[in-house]
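Encoded as structure tokens, the structure appears first; notes follow it.
In this note's numbering, the protein residues as written are 119 to 366.
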């Protein structure tokens, strides 16, 4: 009887601590999840979510990010998470996109594909299908995600990547246009759209899109390091003028 009472008090205290963590004003998702794992170090889901946030966080030092993410995922496994986090598969040497996508789809089935968490798992699966070149499966999952998140700019960027991969360039451009319509500051949309235009030799349009990308996020300059011999890209990086074309 005393044990049951003690266990009940302990569980109530843990729940109160979780509620306290959720109620605090945190600067970003990482801060919130770090606080959650400190409050409940045996909460496997919090560790797994922290791993996801670390793995996808922007940083100039991806090695440290991946090391921290791996530690968080391993803590989730130590806390009893089964099967192991899909993000941990993504950090292993020579990750297999189809296997990682399948992992996220299995997670979606666990949550329920119509639930919010299930939709987010399908979104991750779609991204990995695109990376693996299975654009049909990627599009299938994106269409499911669209039902729940039709106004998410990242969704439309992913539609653009999948459509471009399938050789459907005009529909891909429409997807990027939709992304910047929803969020004029969507850096990934300008980046991906510019890559498409450069690939089909529409250089004036590509340069204008790249210019907008750099205006929104100057740290993207580093991705143009391989264009040292391209005078147009170098002029762009130096801020030299070129023919302007309007961007939505």
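Here a beta-carbon is modelled for each residue, glycine too, at the ideal position from N, C-alpha and C.
Buried or exposed by the 16-neighbour rule on C-beta atoms within 10 Å, applied to residue i
| i | result |
| --- | --- |
| residue 142 | Reliability of the predicted coordinates at residue 142 is poor, the pLDDT of 47 falling under 50, and the value obtained from them is presented with this limitation in mind. Flag for residue 142 reads exposed. |
| residue 182 | exposed |
| residue 296 | buried |
| residue 235 | exposed |
| residue 278 | buried |
| residue 140 | For residue 140, the predicted model reports a pLDDT of 45, less than 50, meaning its position is unreliable; a value from the coordinates is still stated below. Counting Cβ neighbours within 10 Å, residue 140 comes out exposed, since fewer than 16 surround it. |
| residue 325 | buried |
| residue 352 | exposed |
| residue 259 | buried |
| residue 358 | exposed |
| residue 315 | buried |
| residue 261 | exposed |
| residue 306 | buried |
| residue 312 | buried |
| residue 354 | buried |
| residue 356 | exposed |
Beta-carbon gap between residue i and residue j smaller than 9 Å
| i | j | result |
| --- | --- | --- |
| residue 163 | residue 190 | no |
| residue 283 | residue 248 | yes |
| residue 172 | residue 186 | yes |
| residue 246 | residue 215 | yes |
| residue 287 | residue 308 | no |
| residue 188 | residue 209 | yes |
| residue 273 | residue 241 | yes |
| residue 237 | residue 266 | yes |
| residue 176 | residue 337 | yes |
Identity of the residue in the options nearest residue i by Cα
| i | options | result |
| --- | --- | --- |
| residue 318 | 184, 231, 355, 285 | 285 |
| residue 195 | 166, 336, 149, 268 | 166 |
| residue 293 | 226, 264, 316 | 264 |
| residue 257 | 280, 269, 329, 237 | 280 |
| residue 255 | 267, 269, 223 | 223 |
| residue 200 | 213, 225, 217 | 225 |
| residue 350 | 327, 336, 337 | 327 |
| residue 302 | 330, 192, 151, 176 | 330 |
| residue 197 | 184, 251, 158, 312 | 158 |
| residue 204 | 251, 218, 266, 148 | 218 |
| residue 304 | 152, 346, 332, 232 | 332 |
Any non-hydrogen atom of the ligand NAD closer than 8 Å to residue i Cβ
| i | result |
| --- | --- |
| residue 217 | This structure does not include the ligand NAD; it has no bound ligands of any sort. |
Which runs of the alpha helix (DSSP H) at least 4 residues long sit entirely within the region 158–197? Give them in chain order. 162–174, 180–196
What residue ranges within the region 295–341 form continuous beta strand (DSSP E) runs of no fewer than 3 residues, ordered along the chain? none
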